[in-house]
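Q:
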Amino acid sequence: MTKATFIIFFLVGISLVVSGCVNHMNDNYNMPGQTYGWHEPGYMYPEQYDPSVSSNIITEFSSNGEMIYYTGFNESGQQISIRDGMPWLYVHGGSCVSCHGVDGKGGVPIMMSNVIPPDITYEALTSEDEHEEHPPYTDKTIKVAIREGKDPSGEELDNSMPRWDMSNEDVDDLIEYLKTL
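In this text, residue positions in the sequence shown follow numbering that gives the first Met the number 0: the first is 0, and each later residue adds one.
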């Protein structure tokens with residue numbers, strides 16, 4: 000490699016690093032209230048998004064649980080982190096609605112997986128008729144599913160389900176919101 004070629008590669012590399020840092024410093028993608036376009040939570044693929052249809056994504060929240068469900072942030076402005084799960088989740092909003100949709104009913108395959116998120120409405124989770132492979136969920140076992148990724152029988156949920164690092168207050172508020180779906 001000639002000295003001129005090395006200098007060109009070096010300068011291109013430096014410019015890429017600088018542009019990446021500038022972009023990262025201005026990246027407010029996960030902030031509540033941001034306009035998402037096709038990246039809107041509940042739309043995993045560009046072809047699902049129809050800009051001519053008014054969005055049912057809300058930007059004002061009536062409860063902490065609703066805010067967590069839609070944004071992945073609590074009412075104190077803290078982003079709810081994950082201990083385990085799919086790291087690309089934050090690219091699509093970093094919240095429950097990103098996979099389970101605005102109605103909580105899931106049903107759409109998630110990015111980079113063949114997993115179809117289940118219906119997480121409270122009625123579906125706690126129904127005696129919905130679960131053949133394990134007992135119905137209770138508030139306690141819903142908390143375990145959210146935090147530890149385990150179903151009511153103790154079996155691991157798919158790795159596409161994040162293991163949320165959520166405070167007691169936040170998880171209680173989220174469960175109260177699930178009861179409204």
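Even for Gly, the Cβ is constructed at its ideal location relative to N, Cα and C. Here the structure is a predicted model, which means the values were calculated and not measured.
1. Sorted by chain position, which residues of the same chain lie with C-beta nearer than 7 Å to L156's C-beta, five sequence neighbours on each side aside?
2. How many angstroms separate the CA atom of V114 from the CA atom of S159?
3. Using 10 angstroms around the beta-carbon of M165, count the other beta-carbons present and answer buried if the total reaches 16, otherwise exposed.
4. Would P134 be called buried (16 or more neighbouring beta carbons within 10 Å of its own) or exposed?
5. Find the nearest neighbour of S75 within the set W163, E175, E168, judged by alpha-carbon distance.
6. Grouping DSSP H, G and I as helix and E and B as strand, with all else coil, what is I81?
7. Helix, strand or coil for F9 per DSSP?
8. Looking at the unbroken beta strand (DSSP E) that takes in D164, where does it start and where does it end?
A: Taking the structure as given:
1. A144, G148, K149, D150
2. 7 Å
3. buried
4. exposed
5. E168
6. strand
7. helix
8. 162-164
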